[in-house]
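First up is the structure itself, then whatever we jot down about it.
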Amino acid sequence: MTTLTDPPRESFRLSMLLYDSRYRSITIQIVALIGFLTLFGWLVNNTVQNLATLGKEPSFRFLGMTAGYDINQRLLDYTSQDTHLRAAFLGLLNTLLVSFMGIVTATVVGVLVGVLRLSNNWVISRLMTVYVETFRNVPVLLWILFTMAILIGAMPEPRAFKGEDATAHMYLWDSVAITNRGTYVPEPLFSNPIGDVHLFGDSSLRFDVSLDLIAFLAVFIAGILVSRMIRRRADRIQEQTGDRPRTWYWSLAVILLPVAALLWHLGFYLGKPELGGFNFKGGVLMRNSLIALWLALSLYTAAFIAEIVRAGILAISKGQTEAAAALGLRQGRIMSLVILPQALRVIIPPLISQFLNLTKNSSLAIAVSYMDLTGTLTGITLNQTGRELEAVLLTMLIYLAISLLISGSMNLYNNAVKLKER
Amino acid sequence: MNPTSFVRKDMLQPQEPPPSTTGLLGWLRANMFNGPFNSIVSLIFLGFTIWVLSMILPWIFSPTWNAHSLGECRTILDEAGRETGACWGVIHERWPQMLYGFYPIDQRWRPNLAFGLLFIALIPVLFNMISRRMNWVLLLVVLLLGTLAAESSALIWIIRAALVVGAIWIGFQLVSTNKADRAVAIAGGAKRLPNPLIFTLLFPFIAPWLLWGGSVWLPLLILAGFFVGYFVYRLVATFAGALIATIVSALAALAWWLVFVGIISGAISQGLGASRMAAYRPALEAEIATLQEQVDALSIDAQTRIAENAVVPRDLASAQGVLQRRTELLNRIKALPDAEAGLEGLIAREAELKAELSPALAKISKVDRIPEGTSDEDRAKVEELIGLDRDIAYRRDNIHAVYERVGLVGLEPVSSRDFGGLLLSLTIGVVAIAASLPLGVVLALGRQSDLLIVKWLSVGFIEFIRGVPLITLLFVASTLLNYFMPPGTNFDIILRVIIMATLFSSAYMAEVIRGGLAALPRGQYEAADALGLDYWKAQRLIIMPQALKISIPGIVSTFIGMFKDTTLVSIIGLLDPIGLTRGILSDTNWHGIIWELYAFVALMFFVFTFSMSRYSMYLERRLRTDHR
Chain A
1 MTTLTDPPRE SFRLSMLLYD SRYRSITIQI VALIGFLTLF GWLVNNTVQN
51 LATLGKEPSF RFLGMTAGYD INQRLLDYTS QDTHLRAAFL GLLNTLLVSF
101 MGIVTATVVG VLVGVLRLSN NWVISRLMTV YVETFRNVPV LLWILFTMAI
151 LIGAMPEPRA FKGEDATAHM YLWDSVAITN RGTYVPEPLF SNPIGDVHLF
201 GDSSLRFDVS LDLIAFLAVF IAGILVSRMI RRRADRIQEQ TGDRPRTWYW
251 SLAVILLPVA ALLWHLGFYL GKPELGGFNF KGGVLMRNSL IALWLALSLY
301 TAAFIAEIVR AGILAISKGQ TEAAAALGLR QGRIMSLVIL PQALRVIIPP
351 LISQFLNLTK NSSLAIAVSY MDLTGTLTGI TLNQTGRELE AVLLTMLIYL
401 AISLLISGSM NLYNNAVKLK ER
Chain B
1001 MNPTSFVRKD MLQPQEPPPS TTGLLGWLRA NMFNGPFNSI VSLIFLGFTI
1051 WVLSMILPWI FSPTWNAHSL GECRTILDEA GRETGACWGV IHERWPQMLY
1101 GFYPIDQRWR PNLAFGLLFI ALIPVLFNMI SRRMNWVLLL VVLLLGTLAA
1151 ESSALIWIIR AALVVGAIWI GFQLVSTNKA DRAVAIAGGA KRLPNPLIFT
1201 LLFPFIAPWL LWGGSVWLPL LILAGFFVGY FVYRLVATFA GALIATIVSA
1251 LAALAWWLVF VGIISGAISQ GLGASRMAAY RPALEAEIAT LQEQVDALSI
1301 DAQTRIAENA VVPRDLASAQ GVLQRRTELL NRIKALPDAE AGLEGLIARE
1351 AELKAELSPA LAKISKVDRI PEGTSDEDRA KVEELIGLDR DIAYRRDNIH
1401 AVYERVGLVG LEPVSSRDFG GLLLSLTIGV VAIAASLPLG VVLALGRQSD
1451 LLIVKWLSVG FIEFIRGVPL ITLLFVASTL LNYFMPPGTN FDIILRVIIM
1501 ATLFSSAYMA EVIRGGLAAL PRGQYEAADA LGLDYWKAQR LIIMPQALKI
1551 SIPGIVSTFI GMFKDTTLVS IIGLLDPIGL TRGILSDTNW HGIIWELYAF
1601 VALMFFVFTF SMSRYSMYLE RRLRTDHR
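If you're matching them up, the sequences are chains A and B in order.
In this text, residue positions in the first sequence follow the numbering used here: the first is 1, and each later residue adds one.
In this text, residue positions in the second sequence follow the numbering used here: the first is 1001, and each later residue adds one.
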């Protein structure tokens, strides 16, 4: 009789690296890593050699040199005597400005169009379809150039506003002037300001923060928090008694009254643009490049957002609407209490990537000479200093950081609203 | 029993629906005027639409198609008594340029043929319900159209006749057989035409040759690389196993493409060029003389036409282009003896210098590597030697280029600088789209992989590419990519742009496909494992077909996005349709025309992207296997 014995222990053989699935994965990974490092090393080596031949050893010292060019649309003080770093910083702020404006507008327009496209009114849904298909199927660069051409070609010159028989007129009680140089909007001013905080002293990243603005934001956010407390109290009362107290005037009051008081205390007034000579003085000038970029990017992205919103709403089964209607909810409440909260879970992830796309597409500013990060660092700075490698690499890293920040924060929000499964 | 009881024995005829719910009126009531609010909104939006159309339509329908300049447009509009109107003359005059850029006029049949063939190559992939015979008929017809553009000669006529006969024969068979009978015959083992997918696989080798031209053996040699790989695999697999054989055959194919293709094709061109050189010059001179006569005749004709204010045919520009290229070539050939003599002189001088210098100094290839303490005289010699080295290499390349051009068997080379317009967008778009799908699949699998290093490499690549704007990647293509290559490489700008565009869209593609992979139920993976399939078989047979099907909408919208993004190349100075509009705007005749050009470009893109999105909807419907 034979007894059962352990199978003979297999000793490790070299061929097992290839043919034994336990070890093969390690082999493949090591080969992949070596391949990648070889490729990377080869590229770096080539680059170092090529740059050495050209006498352009990588160095970021060019950022400290005088830029010598002007940035006409800017959020902070800047002269052509400032450094390239300062120029890039202002470019970055411009990128963030147009991205922020674009994201807000695109979301509003997109959600509106997406909901209207589902309207049972044939005219409206058709018009929205036409809008979506026209904007989605034409390159965004073309839209930017097109909007710019409209603004330059079809808007009146500043001197058309002049004289008795002016051919153009200002809008909104003489506070907004749309001209072919740009749009002049009123500037918020304070006769009794608290002052500014100067951050970073005299360095290239110097930054003035208006304390008035901070005070305003603080009061505003505090008002919103208080109004949320009021709403929670109303919820509590509703759960106990079944009746919901009317709270909207309380909410409005705690937000608006403190803000109004603060503004009155600071002596708030609007500095309207005034026609002086052949141009406007006062107010804030939003140049056509900014407006064109902002409008084109937001309308283009809004078409995509509309489709996302529509898909999100369609993804909610009809039974939900019917169940809500059976409970006796009105049309608007069905949308806000039942459909949208569920649709939001489908909508938000693709919405994030649309926000990212808009931010990245804002680099097309270079086509209309809006001085964003690409226009300054990868545009004029690169051409003046000839530092291609450093400028492009730095630009890429900054965009990467912005993208990761946006997607990170939006993912936090997504985690907050998504369905909590047990 | 009640005698008056009544039981109906037949059914009532259904009544007509009330007139207010049927027909146009009912439709209007249901969709536009159900309720006062909706009615008002409908009227407002209808009014808005009519207002917009009333501004745009008169502008679009403007009788300016034959104008030669903006001024003429204005005169025409004034005479017609109209205030506004588009100036379509610019499109009439420039549309060939918007389509082809500066591609030589006499060679434009090549991109036409290439994109006609692309359509044929796509048919088996896009619509696999079309019959093989139909596909072959279409292929023959496109080839026939292609031959129409070539110069007539006996050979071309024979080819044309063969194509016509082939197309009619297959077409006749197609019409004369019943579909059901044919299906039975095929099931019984009847002979079928070869699968048109063969042509689809050959197309990537034919198209670049058609577009860029060059000798016919270059694509053949590149194609041969696959056979080299295959034979090496067969050879090695017999004694070393499948995995090693795969690796070795891939290396062998790479070596073939990177080293041998260049050497062999260079040698053939060189040999042919040298043997043809003597006879080539007189023939070229004769050709130039006839061309010159043609151009003279055409330009006299053109002058009379201009005087009569009629349209000048494009023959003149075409003939001028050919004449210019031939004259250039002749000049290069004329300069050849001098260049060769000069090269010999330089080589002699190099040898002389090398003999004078010590062997250690003679090997130095960079100025900054000259050791300290070298005498001034030696230093000067070394510097001269280094300069000579470069000069010799440069001149040798130039002389080789002339020989290669003379030894050309195939299509006249067209430089990348001449590509432009829609041709450029399509070239970049199609290649980037086609290449990004397989790359995206690989990246997506890498990201889903259990192999940690592979996974992190894929994640890093995907997230980096997705985090930066395409325009920065194009800046990399235009300024940095040459730095990344070995010193002295200077490869084509279109190729560089295509590489970066492919990398860009493959990262997006990878994310789309990863979504498809994640959407597959876990059971599919487990079932594949339970069947005992290995990783690749499971992917190929079970996972990928389903994942790709789920991701079709995403894949197509990535395609559309890529095609639209090709317009960004205008920012780095390539002449795509938007880049060309700048050139046209600076033309004095058309200075100030923007809307017409932008509208035309927008229309070109709209046609492609809209049809792509419709196709994706069709595909989704056709591939839907669940019952809804």
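Glycine is no exception: its CB is placed at the ideal position from the N, C-alpha and C atoms.
Small disclaimer: the values here were computed from a predicted structure and weren't measured.
Spatial neighbours of residue i within its chain, please: CB distance less than 8 Å, with the 5 preceding and 5 following residues excluded, ordered by chain position.
i, result
"arginine 1628(B)", "Reliability fails at arginine 1628(B), whose pLDDT of 48 lies under 50, so the model's placement of it is uncertain and no value is given."
"asparagine 72(A)", "Arg287, Met371"
"tyrosine 19(A)", "none"
"glycine 1573(B)", "Ser1478, Gly1579"
"alanine 1527(B)", "Ile1542"
"alanine 1274(B)", "Tyr1403, Gly1407"
Once the 5 residues before and after residue i are set aside, which same chain residues still bring their CB inside 6 Å of it?
i, result
"proline 1096(B)", "none"
"phenylalanine 1102(B)", "Asp1418, Gly1420"
"leucine 75(A)", "Leu93"
"serine 1449(B)", "Lys1455"
"tyrosine 184(A)", "Ala177, Pro273, Phe280, Gly283, Leu285"
For chain B, find out if any of its Cβ atoms is closer than 7 Å to the Cβ of residue i; answer yes or no.
i, result
"glutamine 29(A)", "yes"
"tyrosine 399(A)", "yes"
"tryptophan 59(A)", "The sequence shown places serine at residue 59(A), not tryptophan. Not closer than 7 Å to any Cβ of chain B, the Cβ of serine 59(A) fails to qualify, so no."
"glutamate 454(A)", "No statement about residue 454(A) is possible, as the shown extent of chain A runs from 1 to 422 and does not include it."
"valine 259(A)", "no"
"threonine 395(A)", "yes"
"isoleucine 406(A)", "no"
Whole angstroms are fine: how far does the CA of residue j sit from the CA of residue i?
i, j, result
"arginine 1466(B)", "alanine 1507(B)", "7 Å"
"threonine 38(A)", "isoleucine 1555(B)", "32 Å"
"threonine 95(A)", "threonine 1567(B)", "21 Å"
"serine 1318(B)", "arginine 1094(B)", "15 Å"
"valine 1632(B)", "tyrosine 1233(B)", "Since the first residue shown for chain B is 1001 and the last is 1628, residue 1632(B) is missing from the structure and cannot be characterised."
"glutamine 1635(B)", "alanine 32(A)", "Lying outside 1001 to 1628, the shown extent of chain B, residue 1635(B) is not represented and no answer is given."
"glutamate 947(B)", "tryptophan 1209(B)", "Nothing can be reported for residue 947(B), as the shown portion of chain B is limited to 1001 through 1628."
"alanine 323(A)", "valine 338(A)", "9 Å"
"valine 1322(B)", "aspartate 1106(B)", "7 Å"
"threonine 1084(B)", "phenylalanine 1061(B)", "10 Å"
"threonine 1327(B)", "glutamine 1292(B)", "10 Å"
"phenylalanine 1115(B)", "leucine 1122(B)", "10 Å"
Kindly indicate if chain A contains any beta-carbon less than 7 Å away from that of residue i.
i, result
"phenylalanine 1610(B)", "yes"
"glycine 1467(B)", "yes"
"proline 1486(B)", "yes"
"isoleucine 1499(B)", "no"
"methionine 1032(B)", "yes"
"lysine 1564(B)", "yes"
Whose C-beta lies closer than 7 Å to the C-beta of residue i among residues of the same chain, with five residues either side of it excluded?
i, result
"phenylalanine 190(A)", "Asp212, Leu266, Gly267, Phe268"
"proline 58(A)", "Leu51, Leu389, Glu390"
"isoleucine 152(A)", "Asn180, Asn288"
Would a C-beta distance cut-off of 7 Å place residue i and residue j closer than the cut-off?
i, j, result
"valine 226(A)", "leucine 262(A)", "no"
"proline 1039(B)", "phenylalanine 1045(B)", "Before going further, note that residue 1039(B) is serine rather than proline in the sequence given. Not in contact: serine 1039(B) and phenylalanine 1045(B) (Cβ atoms no closer than 7 Å)."
"arginine 367(A)", "threonine 378(A)", "The question names arginine, yet the displayed sequence has alanine at residue 367(A). Against a cut-off of 7 Å, the Cβ pair of threonine 378(A) and alanine 367(A) comes out as no contact."
"proline 1473(B)", "phenylalanine 1504(B)", "Looking at the sequence shown, residue 1473(B) is not proline but leucine. Yes, Cβ-Cβ distance for leucine 1473(B) and phenylalanine 1504(B) is below 7 Å."
"tyrosine 300(A)", "valine 140(A)", "yes"
"arginine 1632(B)", "valine 1402(B)", "Chain B is shown from 1001 up to 1628; residue 1632(B) falls before or after that span and cannot be answered."
"serine 1215(B)", "leucine 1408(B)", "yes"
"serine 362(A)", "serine 125(A)", "no"
"methionine 437(A)", "histidine 84(A)", "Missing from the structure shown is residue 437(A); chain A here goes from 1 to 422 and no further."
Using a Cβ-Cβ cutoff of 8 Å, what residues of the region 128-156 of chain A are near chain B? List them in chain order. Glu133, Thr134, Arg136, Asn137, Val138, Pro139, Val140, Leu141, Leu142, Leu145, Phe146, Ala149, Gly153
Selection of the region 1037-1051 of chain B by Cβ proximity to chain A, strictly under 7 Å: Asn1038, Val1041, Ser1042, Phe1045, Leu1046, Thr1049
Item to complete: May I ask you to list, following chain order, the residues of the region 31-46 of chain A that have a beta carbon less than 7 Å from some beta carbon of chain C?
Response: Absent here is chain C; the protein component of the structure consists of chains A and B.
Notebook entry, point to check: In the region 103-124 of chain A, which residues sit with their C-beta less than 8 Å from some C-beta in chain B, listed in chain order?
Noted result: Closer than 8 Å at the C-beta level to chain B, one finds these residues of the region 103-124 of chain A: Asn120, Asn121, Trp122, Val123, Ile124.
message = Counting only Cβ-Cβ distances shorter than 8 Å, please list the residues of the region 1587-1609 of chain B near chain A, keeping chain order.
response = Ile1594, Trp1595, Tyr1598, Val1601, Ala1602, Phe1605, Phe1606, Thr1609
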